[in-house]
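**Q** In order, the protein sequences belong to chains A and B.
What the first sequence shows, in the numbering used here, is residues 1 to 308, in sequence order.
What the second sequence shows, in the numbering used here, is residues 309 to 490, in sequence order.
Yeah, the Cβ is synthetic: ideal placement off N, Cα and C, and Gly gets one too.
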Amino acid sequence: MGWKRKDLLTMQELDAGEIRTILDTAESMKEIATREIKKVPALRGKTIVNLFYEPSTRTRTSFEIAGKWLSADVVNFSASGSSVSKGESLLDTAKNIEAMSPDVVVVRHSSSGTPQLLAEALRCAVVNAGDGAHEHPTQALLDLLTIREKKAHLEGLHVVIIGDIAHSRVARSNIHGMRKVGMTVTVAGPPTLIPPYVQELGVKVSHRLEDVIADVDVIMMLRLQQERMTAGLIPSLREYSRLWGLTLDKLAAARPDVLIMHPGPVNRGIELAPDVADGPYSVILDQVTNGMAVRMAVLYLLTGGKAQ
Amino acid sequence: MTREKAQVLDEQGIDRALTRIAHEILEKTQGAQGLSLVGIRTRGVSLARRIADKIRAIEGEAPPVGVLDITLYRDDLGLLAEQPTVKATEIPFAIKGKTVVLVDDVLFTGRTIRAALDALIDLGRPRMIQLAVLVDRGHRELPIRPDYVGKNLPTSRREAVAVLLKEHDGEERVVIQEPPEE
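1) Counting only Cβ pairs nearer than 7 Å, list the residues of chain A close to residue 395 of chain B.
2) Output, in chain order, the set of chain B residues within a Cβ distance shorter than 9 Å of residue 102 of chain A.
3) Please determine, among A:233, A:273, A:265 and A:269, the residue with the shortest C-alpha to C-alpha distance to residue 251 of chain A.
4) Run through the DSSP bridge pairs and tell me what residue 76 of chain A is partnered with.
5) Assess contact between the segment 156 to 164 of chain A and the segment 129 to 138 of chain A, defined as three or more Cβ pairs (one per stretch) separated by less than 8 Å. Is contact present?
6) Tell me the rounded alpha-carbon separation between residue 424 of chain B and residue 430 of chain B.
7) Let me check understanding here. Comparing Cα to Cα, which of A:66, A:10, A:247 and A:56 lies closest to residue 300 of chain A?
8) Which residues in the same chain have their Cβ closer than 7 Å to the Cβ of residue 203 of chain A, if we skip the five residues on either side of it in sequence?
9) Taking buried to mean at least 16 other C-beta atoms within 10 Å of its own C-beta, is residue 59 of chain A buried or exposed?
10) If contact means a Cβ-Cβ distance below 9 Å, which residues of the segment 14 to 25 of chain A contact chain E?
11) Chain B partners of residue 42 of chain A, CB-CB under 9 Å?
12) What did DSSP end up calling residue 480 of chain B once you bin it into helix, strand or coil?
13) Count the other CB atoms within 10 Å of the CB of residue 307 of chain A; is the residue buried (16 or more) or exposed (fewer)?
14) For chain B, check one thing: does any of its Cβ atoms lie closer than 9 Å to the Cβ of residue 297 of chain A?
15) Are the beta-carbon atoms belonging to residue 297 of chain A and residue 10 of chain A less than 9 Å from one another?
16) Would the beta-carbon of residue 375 of chain B fall within 9 Å of that of residue 346 of chain B?
17) Quick one: which residues of the segment 155 to 187 of chain A get their C-beta closer than 7 Å to a C-beta of chain B? List them in chain order.
18) Give, in chain order, every residue of the segment 418 to 437 of chain B whose Cβ lies closer than 8 Å to some Cβ of chain A.
19) Roughly how many angstroms lie between the CA atoms of residue 5 of chain A and residue 416 of chain B, to the nearest whole one?
20) Between which two residues does the alpha helix (DSSP H) holding residue 206 of chain A run?
21) Tell me, please, whether the CB atom of residue 70 of chain A is closer than 9 Å to any CB atom in chain B?
22) According to DSSP, which residues form a beta bridge with residue 459 of chain B?
23) Is it buried or exposed for residue 38 of chain A, if we count other Cβ within 10 angstroms and need 16 for buried?
24) Measuring alpha carbon to alpha carbon, tell me which of A:177, A:259, A:291 and A:241 ends up nearest residue 201 of chain A.
25) Just how far apart, CA to CA, sit residue 468 of chain B and residue 75 of chain A?
26) At a CB-CB cut-off below 7 Å, which residues of chain B make contact with residue 148 of chain A?
27) Which of the three DSSP states, helix, strand or coil, is assigned to residue 259 of chain A?
28) Which runs of the beta strand (DSSP E) fall wholly inside the segment 350 to 383 of chain B and span at least 3 residues, in chain order?
29) Please classify residue 281 of chain A as buried or exposed, where buried requires at least 16 neighbouring CB atoms within 10 angstroms.
30) Any heavy atom of the ligand PLP closer than 8 Å to the CB of residue 319 of chain B?
31) Determine the contact status of residue 122 of chain A and residue 98 of chain A, defining contact as a CB-CB distance below 9 Å.
32) At a Cβ threshold of 9 Å, is residue 300 of chain A touching chain B?
33) Using the beta-carbon of each residue, which ones in chain B are nearer than 8 Å to residue 35 of chain A?
34) My output table needs one value for residue 514 of chain B: the three-state DSSP class, helix, strand or coil.
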């Protein structure tokens, strides 16, 4: 199936076929990482701009390596140390960057909808690398790739996403993506961290960890995003960790082939006990590796093959 | 709809051509020592496997067969209407110091082979690379010449050559196709 979109903004807009195209392409891209010379000429002469208004090392580096392995030129802009800190508006920055003729702009911003705004303003492709609490599509895609790799299929699997659902763009993108490929999704967390009406996205809700980990194929733990919490939504970290942290003891109730995922960075000892994070069920490092493959696939699909 | 103009090889014809190529490879490389075959996706892979089987029948041992996907090495991405699908390259053996025979179904402009040479050299440094094709239809745009040819087939540029193989098409023949009359 061909790829027709100019941008990758959300998982909500993709259909199951498009998701499959990205995952299949990413699977093929993984071979490049195993080579002695990790470079193919597919995007030679293309320019990718990483426009990061929020601190991020993992995602930015992942996009940077992905672009470089495909031979694109990759330029990083961060908000600090650029004209943004001198008061330039987002659209002015974007227009200035466009004047430098990039082929893809990868944007991360604390405000939901920023990538959409840029996509409408720019002629080049725009990739959402995380916007506020809205979406983080490449994270959901790398999660799906990791699950498909470990379980050999996606349809019919049951996933529970645990923790700070309200502030999580990762949860939102995953819910959309997983539902589209035929998975069942449960979200679990303290009531203050579960958004109202979340059931309308087609998920089940639980407020007790013990109720949800026994019968699922995948447990996805989320980071407690304290930097986004404006009010005290949990009584204390200690209590959260006791009720919602995943330990080996609690994991005894889970299936022997359960996968433990986490988008990172892990607050060790809060969401995940260290022996769980490093244990045999954990696929956290596979997620990182697959992140580069997915981003190579997305950059390739957005820049290549369109009639000119 | 394209129209079939002529059939140039039938099942026996294809088999005979591959048998001859297998013998020529062994003669030129002086046995299967240090030899490996790399098929270019999709039909080149099937042809490479068949040639390897024939070499096994002659020498008692089959050379390893790899699969090369050249999509990421194409220089015409921006010119294509439909984006090609990237598939995996699978070469599970070291090609360094080896004699590698690239195998493809049809040799035309030579651009696919140029991309394949780039892709192969990125994976290691073979001692020698040779090229085997079932059909050479001419019209080269690059200085590339095959070492082993099943059939030389002069064609016009507006014609197409289709290699149909059982594994992919359910039938076994080589045909020349013509675009419909304007």
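**A** Reading from the atomic positions:
1) In chain order: 28.
2) Within chain B, no C-beta atom comes less than 9 Å from the C-beta of residue 102 of chain A; the nearest is roughly 15 Å away.
3) The shortest Cα separation from residue 251 of chain A among A:233, A:273, A:265 and A:269 belongs to A:273.
4) Looking at the DSSP assignment, residue 76 of chain A forms a beta bridge with A:50.
5) The segment 156 to 164 of chain A vs the segment 129 to 138 of chain A: no contact.
6) So the alpha carbons of these two residues sit roughly 10 Å apart.
7) Taking residue 300 of chain A as reference, the option from A:66, A:10, A:247 and A:56 with the minimal CA-CA separation is A:66.
8) 175, 185, 186 and 187.
9) The residue in question, residue 59 of chain A, is buried, as its Cβ has 16 or more Cβ neighbours within 10 Å.
10) Absent here is chain E; the protein component of the structure consists of chains A and B.
11) Ordered by position in chain B, the residues that pass the 9 Å Cβ test against residue 42 of chain A are 379, 380, 381, 382, 385 and 394.
12) Three-state DSSP puts residue 480 of chain B in coil, outside helix and strand.
13) With a pLDDT of 35 at residue 307 of chain A, under the threshold of 50, the modelled position of this residue cannot be trusted, and the question is left open.
14) By this cut-off, residue 297 of chain A is an interface position.
15) Cβ distance not < 9 Å, so residue 297 of chain A and residue 10 of chain A don't count as in contact.
16) Their beta carbons are under 9 Å apart, which means residue 375 of chain B touches residue 346 of chain B by this criterion.
17) For the segment 155 to 187 of chain A, no residue has a beta-carbon sitting nearer than 7 Å to a beta-carbon of chain B.
18) The segment 418 to 437 of chain B vs chain A, Cβ under 8 Å: 426, 427, 430, 431 and 432.
19) A direct Cα-Cα distance of roughly 32 Å separates residue 5 of chain A from residue 416 of chain B.
20) No alpha helix (DSSP H) contains residue 206 of chain A, which is instead part of the beta strand (DSSP E) from 204 to 206.
21) Cβ-Cβ to chain B under 9 Å: yes for residue 70 of chain A.
22) Its beta-bridge partners are B:443.
23) Exposed: under 16 other Cβ atoms inside 10 Å.
24) Checked all of A:177, A:259, A:291 and A:241; the closest Cα to residue 201 of chain A is A:177.
25) The alpha-carbon of residue 468 of chain B is positioned some 43 Å away from that of residue 75 of chain A.
26) Within chain B, no residue comes near residue 148 of chain A; the closest Cβ sits about 15 Å away, beyond 7 Å.
27) It is a strand residue.
28) Entirely contained in the segment 350 to 383 of chain B, the beta strand (DSSP E) runs reaching 3 residues are, in chain order, 373 to 376.
29) With a threshold of 16 other beta carbon atoms within 10 Å, residue 281 of chain A meets it and is buried.
30) With respect to small molecules bound, the structure shown includes none, and the ligand PLP cannot be examined in it.
31) Yes.
32) Between residue 300 of chain A and chain B, the shortest Cβ-Cβ separation is below 9 Å.
33) Residues of chain B passing the Cβ test: 430 and 431.
34) In the structure as shown, chain B starts at 309 and stops at 490, and residue 514 of chain B therefore has no counterpart that could be examined.
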